[in-house]
Amino acid sequence: CQCKTSTCKENEAFDGKSCKCICLDTDGCPPGKMWNNDTCECVSEQQCEPPLYENKDGVCVCQDVCNPPFKLNSTTCECDCTTECDLPFSINKSSCNCECNITCDSYLLFLNQTSCQCMCNIDCPYPKVHNPLGICECVCPIVCNKPYKLNEDTCSCEIECDAPFIKDPGSQQCICNRTCDLPLRLKENDCTCKCNSICQPPFIQSNSSCDCYCPLQCNLPFQLDLSYCQCKCYHMCEFPM
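So the sequence shown is numbered by the numbering used here: it starts at 140 and just counts up by one.
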(Lines of atoms letter the chains of each structure in order from A and count residues from 1; the text may use other names and numbers.)
(Lines give C-alpha, C1' and ligand atoms only; values in the text may rest on other atoms or scores of the structure.)
Protein backbone atom coordinates (compact mmCIF):
# COMPACT_ATOMS: atom_id res chain seq x y z
CA CYS A 1 0.00 0.00 0.00
CA GLN A 2 1.16 3.47 -0.77
CA CYS A 3 0.12 6.80 0.87
CA LYS A 4 -1.96 9.11 -1.17
CA THR A 5 -0.03 12.28 -1.67
CA SER A 6 -1.52 15.21 0.23
CA THR A 7 -0.90 18.96 -0.10
CA CYS A 8 0.64 20.31 3.12
CA LYS A 9 0.59 23.82 4.51
CA GLU A 10 3.58 26.11 4.72
CA ASN A 11 6.05 24.97 7.42
CA GLU A 12 4.73 21.37 6.94
CA ALA A 13 6.06 18.36 5.03
CA PHE A 14 4.45 15.10 3.96
CA ASP A 15 5.61 12.08 5.96
CA GLY A 16 5.36 8.88 3.93
CA LYS A 17 5.56 6.67 6.97
CA SER A 18 2.65 8.21 8.81
CA CYS A 19 0.84 9.29 5.65
CA LYS A 20 0.24 12.79 7.04
CA CYS A 21 1.66 16.27 7.07
CA ILE A 22 4.12 16.92 9.88
CA CYS A 23 5.78 20.07 11.13
CA LEU A 24 9.21 20.89 9.77
CA ASP A 25 10.42 22.69 12.89
CA THR A 26 9.43 21.57 16.37
CA ASP A 27 12.08 23.39 18.34
CA GLY A 28 13.06 26.96 19.04
CA CYS A 29 10.00 28.23 20.93
CA PRO A 30 10.87 31.18 23.25
CA PRO A 31 10.35 30.94 27.03
CA GLY A 32 6.67 30.81 27.98
CA LYS A 33 5.80 29.22 24.61
CA MET A 34 5.41 25.61 23.54
CA TRP A 35 5.12 23.83 20.21
CA ASN A 36 1.65 23.03 18.86
CA ASN A 37 1.83 20.07 16.46
CA ASP A 38 -1.65 20.77 15.13
CA THR A 39 -0.92 24.32 14.03
CA CYS A 40 2.88 24.01 13.64
CA GLU A 41 3.51 27.14 15.66
CA CYS A 42 4.59 28.28 19.09
CA VAL A 43 1.68 28.93 21.41
CA SER A 44 1.41 30.16 24.96
CA GLU A 45 1.92 27.63 27.70
CA GLN A 46 -1.02 29.09 29.64
CA GLN A 47 -4.48 27.74 28.98
CA CYS A 48 -7.30 30.30 28.49
CA GLU A 49 -10.59 29.35 30.08
CA PRO A 50 -13.75 30.13 28.09
CA PRO A 51 -15.02 32.66 27.28
CA LEU A 52 -11.41 33.91 27.05
CA TYR A 53 -9.19 32.95 24.14
CA GLU A 54 -5.51 33.44 23.37
CA ASN A 55 -4.65 36.21 20.93
CA LYS A 56 -1.56 36.36 18.68
CA ASP A 57 0.44 37.87 21.51
CA GLY A 58 -0.30 34.94 23.78
CA VAL A 59 -2.65 36.89 26.01
CA CYS A 60 -6.02 35.61 27.18
CA VAL A 61 -8.59 38.12 25.98
CA CYS A 62 -12.32 38.37 25.32
CA GLN A 63 -13.50 37.76 21.82
CA ASP A 64 -16.55 40.03 21.93
CA VAL A 65 -16.52 43.80 21.44
CA CYS A 66 -19.03 46.04 23.24
CA ASN A 67 -20.70 49.03 21.63
CA PRO A 68 -20.85 52.25 23.69
CA PRO A 69 -22.22 53.05 26.20
CA PHE A 70 -21.70 49.40 27.21
CA LYS A 71 -18.25 48.48 28.54
CA LEU A 72 -16.52 45.11 28.32
CA ASN A 73 -16.06 43.20 31.58
CA SER A 74 -12.60 41.63 31.12
CA THR A 75 -13.36 38.93 33.69
CA THR A 76 -16.74 37.68 32.44
CA CYS A 77 -16.40 38.94 28.83
CA GLU A 78 -19.89 40.40 29.16
CA CYS A 79 -21.00 43.86 28.15
CA ASP A 80 -21.84 45.74 31.34
CA CYS A 81 -23.77 48.96 31.72
CA THR A 82 -21.90 51.35 34.05
CA THR A 83 -23.94 54.47 33.30
CA GLU A 84 -25.21 56.34 36.38
CA CYS A 85 -28.36 58.44 36.13
CA ASP A 86 -29.26 61.53 38.14
CA LEU A 87 -32.73 61.61 39.65
CA PRO A 88 -35.48 61.68 38.50
CA PHE A 89 -33.99 59.75 35.52
CA SER A 90 -33.58 55.96 35.76
CA ILE A 91 -31.38 53.52 33.85
CA ASN A 92 -32.69 51.39 30.99
CA LYS A 93 -30.63 48.19 31.26
CA SER A 94 -31.39 47.17 27.66
CA SER A 95 -30.08 50.35 26.04
CA CYS A 96 -27.85 51.51 28.93
CA ASN A 97 -29.40 54.96 28.62
CA CYS A 98 -30.96 57.27 31.18
CA GLU A 99 -34.68 57.59 30.59
CA CYS A 100 -37.56 59.49 32.13
CA ASN A 101 -40.22 57.09 33.38
CA ILE A 102 -42.42 59.31 35.53
CA THR A 103 -46.11 59.82 34.75
CA CYS A 104 -47.99 63.09 35.12
CA ASP A 105 -51.30 62.40 36.87
CA SER A 106 -53.22 65.49 35.74
CA TYR A 107 -54.47 66.61 32.37
CA LEU A 108 -53.16 70.08 33.28
CA LEU A 109 -49.58 68.73 33.24
CA PHE A 110 -47.26 67.56 30.49
CA LEU A 111 -43.94 65.71 30.79
CA ASN A 112 -40.78 67.62 29.89
CA GLN A 113 -38.43 64.89 28.64
CA THR A 114 -35.36 67.14 28.98
CA SER A 115 -35.82 67.90 32.68
CA CYS A 116 -37.98 64.82 33.43
CA GLN A 117 -40.49 67.01 35.25
CA CYS A 118 -44.22 67.50 34.99
CA MET A 119 -44.81 71.02 33.72
CA CYS A 120 -47.96 73.09 33.84
CA ASN A 121 -49.87 72.88 30.59
CA ILE A 122 -51.70 76.21 30.87
CA ASP A 123 -50.64 79.61 29.58
CA CYS A 124 -50.66 82.45 32.11
CA PRO A 125 -51.73 85.92 30.93
CA TYR A 126 -49.12 88.61 31.61
CA PRO A 127 -48.08 89.54 34.25
CA LYS A 128 -49.18 86.32 35.96
CA VAL A 129 -46.79 83.34 36.16
CA HIS A 130 -47.01 79.66 37.07
CA ASN A 131 -47.19 78.98 40.78
CA PRO A 132 -43.56 78.35 41.92
CA LEU A 133 -44.82 75.87 44.54
CA GLY A 134 -45.60 73.37 41.78
CA ILE A 135 -49.36 73.91 41.75
CA CYS A 136 -50.67 74.20 38.20
CA GLU A 137 -52.24 77.63 38.49
CA CYS A 138 -51.45 81.20 37.51
CA VAL A 139 -50.48 83.59 40.30
CA CYS A 140 -49.24 87.17 40.62
CA PRO A 141 -45.45 87.36 41.14
CA ILE A 142 -45.63 90.23 43.66
CA VAL A 143 -46.34 90.55 47.39
CA CYS A 144 -48.09 93.63 48.79
CA ASN A 145 -47.41 95.07 52.24
CA LYS A 146 -49.98 96.92 54.34
CA PRO A 147 -51.81 99.19 53.82
CA TYR A 148 -51.70 97.86 50.25
CA LYS A 149 -53.65 94.83 49.08
CA LEU A 150 -53.09 92.67 46.00
CA ASN A 151 -55.54 93.08 43.14
CA GLU A 152 -55.70 89.54 41.72
CA ASP A 153 -57.09 90.74 38.38
CA THR A 154 -54.44 93.34 37.57
CA CYS A 155 -51.56 91.93 39.68
CA SER A 156 -51.04 95.35 41.22
CA CYS A 157 -50.85 96.61 44.79
CA GLU A 158 -53.73 98.87 45.69
CA ILE A 159 -54.21 100.71 48.92
CA GLU A 160 -56.82 99.28 51.28
CA CYS A 161 -58.45 101.75 53.63
CA ASP A 162 -60.05 100.85 56.96
CA ALA A 163 -63.19 102.74 58.03
CA PRO A 164 -63.69 105.60 58.55
CA PHE A 165 -60.95 106.16 55.93
CA ILE A 166 -61.83 105.87 52.24
CA LYS A 167 -59.67 105.75 49.10
CA ASP A 168 -59.35 108.98 47.16
CA PRO A 169 -59.84 108.12 43.45
CA GLY A 170 -57.44 110.86 42.40
CA SER A 171 -54.45 110.35 44.68
CA GLN A 172 -55.20 106.66 45.42
CA GLN A 173 -54.50 107.46 49.09
CA CYS A 174 -56.62 106.93 52.19
CA ILE A 175 -58.44 110.06 53.33
CA CYS A 176 -60.63 110.70 56.35
CA ASN A 177 -64.35 110.43 55.62
CA ARG A 178 -65.73 112.17 58.72
CA THR A 179 -66.98 115.61 59.79
CA CYS A 180 -67.03 116.90 63.36
CA ASP A 181 -69.61 119.17 65.03
CA LEU A 182 -68.41 122.16 67.03
CA PRO A 183 -66.76 122.43 69.42
CA LEU A 184 -65.07 119.22 68.32
CA ARG A 185 -62.30 119.34 65.73
CA LEU A 186 -61.21 116.66 63.24
CA LYS A 187 -57.88 114.95 63.89
CA GLU A 188 -56.97 113.73 60.40
CA ASN A 189 -54.12 111.37 61.26
CA ASP A 190 -56.50 108.98 63.06
CA CYS A 191 -59.77 110.41 61.65
CA THR A 192 -61.31 111.14 65.07
CA CYS A 193 -63.23 114.09 66.52
CA LYS A 194 -61.48 115.57 69.53
CA CYS A 195 -61.65 118.68 71.66
CA ASN A 196 -59.26 121.49 70.85
CA SER A 197 -58.70 122.47 74.48
CA ILE A 198 -57.01 120.59 77.32
CA CYS A 199 -58.29 120.37 80.90
CA GLN A 200 -55.86 120.56 83.82
CA PRO A 201 -56.19 117.81 86.45
CA PRO A 202 -58.17 117.09 88.48
CA PHE A 203 -60.65 118.52 85.93
CA ILE A 204 -61.61 116.20 83.08
CA GLN A 205 -63.07 116.96 79.69
CA SER A 206 -66.49 116.12 78.31
CA ASN A 207 -66.24 114.25 75.01
CA SER A 208 -69.41 115.89 73.76
CA SER A 209 -69.22 119.50 74.92
CA CYS A 210 -65.43 119.76 75.42
CA ASP A 211 -66.15 121.50 78.75
CA CYS A 212 -63.92 120.90 81.74
CA TYR A 213 -65.80 119.62 84.74
CA CYS A 214 -64.99 118.37 88.19
CA PRO A 215 -65.73 114.67 88.72
CA LEU A 216 -65.25 114.76 92.52
CA GLN A 217 -67.99 114.02 95.04
CA CYS A 218 -67.36 115.12 98.59
CA ASN A 219 -68.60 113.41 101.74
CA LEU A 220 -70.04 115.50 104.54
CA PRO A 221 -68.95 117.59 106.30
CA PHE A 222 -66.70 118.40 103.30
CA GLN A 223 -68.02 120.55 100.50
CA LEU A 224 -66.94 120.75 96.86
CA ASP A 225 -65.07 123.83 95.75
CA LEU A 226 -65.88 123.97 92.02
CA SER A 227 -63.24 126.61 91.36
CA TYR A 228 -60.42 124.29 92.37
CA CYS A 229 -62.24 120.92 92.16
CA GLN A 230 -61.36 120.14 95.76
CA CYS A 231 -63.22 118.99 98.82
CA LYS A 232 -62.92 121.61 101.54
CA CYS A 233 -64.05 122.01 105.11
CA TYR A 234 -66.09 125.18 105.74
CA HIS A 235 -67.00 124.50 109.37
CA MET A 236 -65.93 127.33 111.72
CA CYS A 237 -64.93 126.52 115.24
CA GLU A 238 -65.91 128.97 118.07
CA PHE A 239 -63.49 129.43 120.89
CA PRO A 240 -64.76 130.10 124.46
CA MET A 241 -64.16 133.59 125.89
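We put the CB at the ideal spot given by N, CA and C, even for glycine. Because the structure is a prediction, the values reported are computed rather than measured.
Query - Complete runs of the beta strand (DSSP E) confined to the region 163-234 [at least 3 residues] - result: Counting only runs of 3 or more, we get 172-175, 180-183, 191-193, 199-201 and 229-231.
**Report entry** Cβ-Cβ separation, residue 317 to residue 303 (assumed contact under 8 Å), whole Å
**Finding:** Here residue 303 corresponds to residue number 164 of the sequence shown, with the count starting at 1. Here residue 317 corresponds to residue number 178 of the sequence shown, with the count starting at 1. About 5 Å separates the beta carbon of residue 303 from that of residue 317, a gap short enough to meet the 8 Å contact definition.
Query raised in the report: Hey, is residue 330's beta-carbon within less than 8 Å of any beta-carbon in chain D?
Result: Of the chains in the structure shown, none is chain D; there is only one protein chain.
Query raised in the report: Cβ of residue 336 within 8 Å of Cβ of residue 349?
Result: Counting from one through the sequence shown, the residue named residue 336 turns up at place 197. Counting from one through the sequence shown, the residue named residue 349 turns up at place 210. Result yes, Cβ atoms of residue 336 and residue 349 sit closer than 8 Å.
Query raised in the report: Which residues in the same chain have their Cβ closer than 8 Å to the Cβ of residue 247, if we skip the five residues on either side of it in sequence?
Result: Position 108 of the sequence shown, counted from the first residue, corresponds to residue 247. Around residue 247: 259, 260, 261 and 275.
Query raised in the report: What number of angstroms, rounded off, separates the C-alpha of residue 363 from the C-alpha of residue 355?
Result: Stepping through the sequence shown from its first residue, residue 363 is reached at position 224. Stepping through the sequence shown from its first residue, residue 355 is reached at position 216. In a straight line, the C-alpha of residue 363 is about 8 Å away from that of residue 355.
Query raised in the report: What do you get for residue 158, buried or exposed, if any count of 16 or more other CB atoms within 10 angstroms of its CB means buried?
Result: Here residue 158 refers to the residue found at position 19 of the sequence shown. Residue 158 is exposed by the Cβ-count criterion.
Report task. Check the DSSP bridge columns for residue 331 and list the partner residues they point to. Result -> Start at 1 with the first residue of the sequence shown, and residue 331 comes out as number 192. DSSP output for residue 331 lists 326 as bridge partner(s).
Query raised in the report: Contact check, residue 87 vs residue 279 under 8 Å by CB: the rounded distance?
Result: Outside the displayed span of the chain (140 to 380) sits residue 87, for which this structure offers no information.
Report task. Closer than 6 Å by C-beta to residue 270: which residues in its own chain qualify, once you throw out the five before and the five after it? Chain order, please. Result -> Residue 270 sits at position 131 when you count from the first residue of the sequence shown. If we look at residue 270 and ignore the five residues flanking it on each side, its Cβ neighbours are 276 and 278.
Query raised in the report: With respect to the beta strand (DSSP E) encompassing residue 256, which residues constitute its N-terminal and C-terminal limits?
Result: Locating residue 256 in the sequence shown gives position 117, where the first residue counts as 1. First-last of the beta strand (DSSP E) with residue 256: 256-259.
**Report entry** 8 Å contact criterion, which residue 221 and residue 232 should meet: CB distance rounded
**Finding:** Translated into positions along the sequence shown, residue 221 becomes position 82. Translated into positions along the sequence shown, residue 232 becomes position 93. So it is not a contact: roughly 12 Å between Cβ atoms.
Query raised in the report: So what does DSSP say about residue 282, is it helix, strand or coil?
Result: Walking along the sequence shown from the start, residue 282 turns up at place 143. Residue state, collapsed to three classes: coil.
Query raised in the report: In chain order, what residues of the same chain have a beta carbon less than 6 Å from the beta carbon of residue 142, not counting five sequence neighbours either side?
Result: On the sequence shown, position 3 is the one that residue 142 refers to. Only 155 and 158 meet the Cβ criterion.
Query raised in the report: Do you know how far the Cα of residue 283 is from the Cα of residue 242?
Result: For this step, residue 242 is matched to residue 103 along the sequence shown. For this step, residue 283 is matched to residue 144 along the sequence shown. Here the alpha carbons of residue 283 and residue 242 stand approximately 37 Å from one another.
Report task. Would you mind working out which of 168, 151 and 171 sits nearest residue 177, comparing C-alpha positions? Result -> By 1-based counting over the sequence shown, the position of residue 177 is 38. Checking every option, the nearest Cα to that of residue 177 belongs to 151.
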